[in-house]
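**Student:** Below you will find the structure I want to go over with you.
Numbering (the working numbering), first residue to last: 159 to 228.
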């Protein structure tokens with residue numbers, strides 16, 4: 159899917175409707191801009207409620223730490 163947008167004089171960009179629908183993005187969503195080479199990744203920041211239960215069953219004692227890596 160190739161969509162384009164134009165940067166306004168107020169430095170705003172409207173995300174095309176096809177992209178918003180495909181990603182299920184709603185108004186008020188917060189994004190992180192991550193520089194990547196000559197471009198930028200636009201990544202939605204999840205709301206705290208959506209992270210609930212993400213680490214369920216994880217053991218705090220069975221993990222690899224930086225010292226374990228080669």
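Even glycine gets a Cβ: it sits at the ideal position worked out from N, Cα and C. Computed from a predicted model, the values in this text were never measured in an experiment.
Note down the Cα distance separating residue 163 from residue 219, rounded to an integer number of angstroms.
**Tutor:** Whole-angstrom Cα-Cα distance: 48 Å.
**Student:** Does DSSP classify residue 165 as helix, strand or coil?
**Tutor:** Residue state, collapsed to three classes: coil.
**Student:** Which residue comes first and which comes last in the beta strand (DSSP E) that contains residue 194?
**Tutor:** Segment 189-194, the beta strand (DSSP E) holding residue 194.
**Student:** Just the C-alpha distance for residue 226 and residue 192, rounded to the nearest angstrom, thanks.
**Tutor:** About 29 Å.
**Student:** With a Cβ-Cβ cutoff of 8 Å, do residue 189 and residue 177 count as a contact?
**Tutor:** Not a contact, by the Cβ cut-off of 8 Å.
**Student:** Report the rounded CA-to-CA distance for residue 174 versus residue 205, giving the unit in angstroms.
**Tutor:** One C-alpha to the other measures close to 22 Å.
**Student:** If you run the structure through DSSP and keep just helix, strand and coil, what is residue 209?
**Tutor:** Correct three-state label for residue 209: helix.
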